[in-house]
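Structure first, commentary second.
Numbering (the numbering used here), first residue to last: 3 to 51.
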């Protein structure tokens with residue numbers, strides 16, 4: 003029972019998923035940092051007298 007369950011999980015989780023998951027996570031973090039950085043710059047420009 004445990005072996006078949008493990009095989010089902012292994013089948014559903016391909017090596018491509020294992021590679022793509024951290025890559026997509028890093029891309030999301032970079033995009034969020036870009037957006038927040040742009041907001042910070044806009045706030046600094048707006049705060050200038």
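Ideal Cβ placement from N, Cα and C applies to all residues, glycine included. Given the structure is predicted, the values throughout are model-derived calculations rather than measurements.
Hey, quick one: how far does the alpha helix (DSSP H) through residue 50 stretch, first residue to last?
Translated into positions along the chain shown, residue 50 becomes position 48. Taken as a continuous stretch (DSSP letters only), residue 50 belongs to no alpha helix (DSSP H), as it is neither H nor E.
Tell me the DSSP secondary structure of residue 16 in three-state form.
In the chain shown, residue 16 corresponds to position 14, counting from 1. Here residue 16 sits in coil by DSSP.
Out of curiosity, what's the CA-to-CA distance linking residue 49 and residue 31?
On the chain shown, residue 49 is found 47 positions in, with the first residue counted as 1. On the chain shown, residue 31 is found 29 positions in, with the first residue counted as 1. If you take the alpha carbons of residue 49 and residue 31, they lie about 27 Å apart.
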